[in-house]
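Before any comments, here is the structure.
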Amino acid sequence: MSFTLTGSLPHRLSFQFQVPLVTIPKSSCNSIKVMTMATSINNDGDTSNPRKNIPHVLTVAGSDSGAGAGIQADLKACGALGVYCSTVITAVTAQNTIGVQGVHPVPESFVYEQLTSVLSDMQVDVVKTGMLPSIGVVKLLCQSLKEFPVQALVVDPVMISTSGDILADPSILIAFREELLPMADIVTPNLKEASALLGGMQLETIADMCSAAKSIHKLGPRCVLVKGGDLPAPVDAIDIFFDGEHCHELRASRIKTHNTHGTGCTLASCIAAELAKGSLMLPAVQVAKHFVETALDYSKDIEIGSGPQGPFDHFSKLRRSIYNSSVRRGFDPNDLLLYAITDSGMNKKWTRSITDAVKAAIEGGATIVQLREKDADTREFVELAKSCVEICRAHGVPLLINDRVDVALACNADGVHVGQSDMSPRIVRALLGSEKIIGVSCKTPEQALQAWADGADYIGCGGVFPTSTKANNITIGLSGLKTVCSASKLPVVAIGGINNGNARSVMEIGTPNLRGVAVVSALFDREFVSSETRKLHSVLMDVVSNK
Ligand SMILES: Cc1ncc(COP(=O)(O)OP(=O)(O)O)c(N)n1
Ligand SMILES: Cc1nc(C(=O)O)sc1CCOP(=O)(O)O
Ligand SMILES: [Mg+2]
């Protein structure tokens with residue numbers, strides 16, 4: 001549903017915003033961005049030239065001459081995530097991989113001039129703060145935000161650099177506590193900063209981090225992310241996210257590298273960028289953590305500078321691994337169109353072998369096949385899978401294995417499909433490598449975003465309709481499917497109770513990333529698999545060719 005706002009812009013344009021009506025959950029952090037498409041109407045009333053509002057983050061932070069942290073990191077992080085980033089520079093620092101050699105604060109009146117300049121002209125969605133060197137700057141920022149409200153404020157409470165240099169007057173704590181944090185949607189302190197905000201509280205365990213997050217929350221921000229990177233050598237990097245109700249433990253692999261300069265700025269900027277794109281807070285934090293983890297991993301061996309803490313690479317490798325994860329070589333989302341999933345019980349009932357069933361489905365037009373053999377012995381399953389790999393390869397159709405990563409490795413299948421209670425897709429990716437296809441079953445937008453963050457290639461979404469093929473399956477309906485598709489950054493295949501009669505209604509829900517239907521009984525609980533597949537194929541072709 002949407003409503004239309006009309007009004008006037010400065011200069012000669014009038015505007016129309018199509019504003020989708022969204023229900024904002026009470027407990028959620030302020031970050032549901034209403035995505036807008038401004039249609040410019042020139043003086044002749046011509047509406048043919050739509051102007052897109054690109055998501056926009058304004059960073060208010062210090063410049064780092066070494067370009068690993070500060071304003072430079074913020075620009076790179078937003079750029080890598082496809083978000084415009086404007087900048088208000090609060091201080092110029094002379095720093096490199098060795099440390100901070102000098103800090104030159106920009107006069108407060110000129111920080112204010114920059115703020116007014118950007119906020120009065122540009123449509124800023126989210127403000128992210130980094131180095132705020134004085135109480136005066138904090139006060140002017142708060143004043144500007146009251147004058148020009150934005151959709152979300154992300155506060156990275158920078159106080160001391162990783163090299164130990166002081167970047168803000170300690171008196172800043174009062175201004176943080178009393179002025180800035182009450183306006184923040186999220187604050188992202190590391191352990192030292194969290195401790196400073198709480199008057200020196202000792203933080204040594206996950207439980208300490210959780211109680212610190214709750215105490216900081218009482219200062220006014222809607223959400224708190226306490227970063228545990230400095231905890232003594234745990235296996236994973238653990239952060240605590242508190243949304244006012246629940247403490248979530250967020251884990252990422254700990255990457256062994258000295259190229260970590262700018263991780264805090266990058267994380268906060270990525271959160272801001274995701275919020276600007278319309279994400280909810282927890283998924284935004286998860287995407288940001290995944291971004292930093294992947295960037296550190298790709299940059300672990302690069303060498304820039306001679307000091308102990310180098311910068312990392314926000315761009316080149318990431319473009320391949322994150323931004324284009326849906327176009328990983330070996331996976332074509334068009335393959336999801338007619339997704340055939342085997343069921344040994346059904347094929348036994350119709351007295352045919354699984355290999356014959358797979359051949360018949362391919363003959364009828366199946367574009368991808370999944371072996372879902374819940375009862376097979378492992379040895380039997382591997383042999384069956386090897387035969388099916390051969391059949392599928394001969395026809396250029398990818399073959400995935402349901403649940404069993406070991407079987408997929410043994411038969412060199414094209415990938416694996418896992419559900420919410422199977423092995424985590426992040427681990428599956430680590431085991432299979434970047435070239436294999438990974439699908440994840442999702443019933444909610446949060447699961448869909450997590451699947452993307454975990455490195456999946458597509459999601460299976462259902463049950464769209466009731467099914468007797470999978471016991472106790474929850475039905476989400478066409479509306480549930482649409483909600484998940486709209487949130488998903490990955491291509492989607494719909495599943496559950498789909499057949500020739502209802503496939504059109506599924507494919508016509510109107511979300512471009514819904515790429516096909518996955519079916520079991522509509523093909524395999526039938527006498528003639530190839531003709532049933534052909535009928536479904538022709539319905540799907542009819543829908544896609546008329547799109
Ligand atoms: C394409 C596709 N989507 C969803 C599923 C279901 O996977 P899962 O939730 O793990 O349930 P099982 O199939 O393992 O019972 C799927 N297999 N394929
Ligand atoms: C295997 C499976 N997963 C589902 C999910 O909702 O994730 S529904 C399902 C069974 C689909 O079989 P049919 O096409 O016979 O309804
Ligand atoms: Mg499963």
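Numbering (the UniProt record's numbering) for the sequence shown: 1 to 547.
All C-beta atoms in this analysis are idealised placements derived from N, C-alpha and C, irrespective of residue type, glycine included.
Every value quoted in this text rests on a predicted model; they were computed, and no experiment measured them.
Between residue i and residue j, which are expected to be in contact by the criterion C-beta below 8 Å, what is the C-beta distance as a whole number of angstroms?
i: residue 186; j: residue 271; result: 6 Å
i: residue 511; j: residue 531; result: No, residue 511 and residue 531 are not in contact; Cβ-Cβ is about 30 Å, not under 8 Å.
i: residue 455; j: residue 439; result: About 12 Å separates the two Cβ atoms, so there is no contact after all.
i: residue 258; j: residue 311; result: Actually they do not touch by this definition, with Cβ atoms about 10 Å apart.
i: residue 87; j: residue 132; result: Not quite, the Cβ-Cβ distance comes to about 14 Å (not below 8 Å), so this is no contact.
i: residue 163; j: residue 100; result: 6 Å
i: residue 410; j: residue 389; result: About 10 Å; that fails the 8 Å criterion.
i: residue 480; j: residue 443; result: 7 Å
i: residue 116; j: residue 85; result: Contact doesn't hold; Cβ gap of about 18 Å is too wide.
i: residue 484; j: residue 277; result: Actually they are not in contact, since the Cβ atoms of residue 484 and residue 277 sit about 17 Å apart, beyond 8 Å.
Three-state secondary structure (DSSP) at residue i?
i: residue 334; result: helix
i: residue 171; result: coil
i: residue 312; result: coil
i: residue 356; result: helix
i: residue 188; result: coil
i: residue 95; result: strand
i: residue 261; result: coil
i: residue 471; result: coil
i: residue 110; result: helix
i: residue 128; result: strand
i: residue 403; result: coil
i: residue 104; result: strand
i: residue 532; result: helix
i: residue 64; result: strand
i: residue 415; result: strand
i: residue 86; result: strand
i: residue 248; result: strand
i: residue 137; result: helix
i: residue 306; result: coil
Do residue i and ligand 1 come close, with the Cβ less than 7 Å from some heavy atom?
i: residue 470; result: yes
i: residue 462; result: yes
i: residue 439; result: yes
i: residue 71; result: no
i: residue 498; result: no
i: residue 450; result: no
i: residue 495; result: yes
i: residue 357; result: no
i: residue 212; result: no
i: residue 518; result: yes
i: residue 417; result: yes
Going by the C-beta, is residue i closer than 7 Å to any heavy atom of ligand 2?
i: residue 401; result: no
i: residue 521; result: yes
i: residue 473; result: yes
i: residue 372; result: yes
i: residue 467; result: yes
i: residue 135; result: no
i: residue 354; result: no
i: residue 341; result: yes
Any beta-carbon of chain B closer than 8 Å to the one on residue i?
i: residue 281; result: No chain B appears in the structure shown, which is made up of a single protein chain.
Using a Cβ distance threshold of 8 Å, determine whether the region 450-464 contacts the region 402-409, with at least three qualifying pairs required. no
Got a list of residues with beta-carbon closer than 5 Å to any non-hydrogen atom of ligand 3, in chain order? 403, 419, 422
Q) Between the region 229-246 and the region 254-274, are three or more C-beta pairs nearer than 8 Å? A) yes
**Request:** Flag this pair as touching only if the region 61-76 and the region 240-257 have three or more C-beta atom pairs under 8 Å; answer yes or no.
**Result:** no
Three or more C-beta pairs below 8 Å linking the region 134-143 and the region 279-299: no
task: Taking 8 Å as the threshold, find out whether the region 71-81 comes into contact with the region 101-111 through three or more Cβ pairs.
output: no
Using a Cβ distance threshold of 8 Å, determine whether the region 329-346 contacts the region 356-373, with at least three qualifying pairs required. yes
task: Would you check if there are 3 or more beta carbon pairs closer than 8 Å linking the region 426-439 to the region 465-478?
output: no
Quiz item: Are three or more beta carbon pairs between the region 95-104 and the region 117-128 nearer than 8 Å?
Solution: no
Specify whether the region 187-205 and the region 149-169 touch according to this definition: at least 3 beta carbon pairs, one from each stretch, less than 8 Å apart. yes
Stretch pair the region 501-520 + the region 455-465: three plus CB contacts closer than 8 Å | yes
* To do: Say whether the region 525-545 touches the region 490-497, bearing in mind that this needs 3 or more beta-carbon pairs closer than 8 Å, one atom from each stretch.
  => no
Discussion item. For the pair the region 498-510 and the region 345-352, tell me if three or more CB-CB distances fall below 8 Å.
Written reply: no
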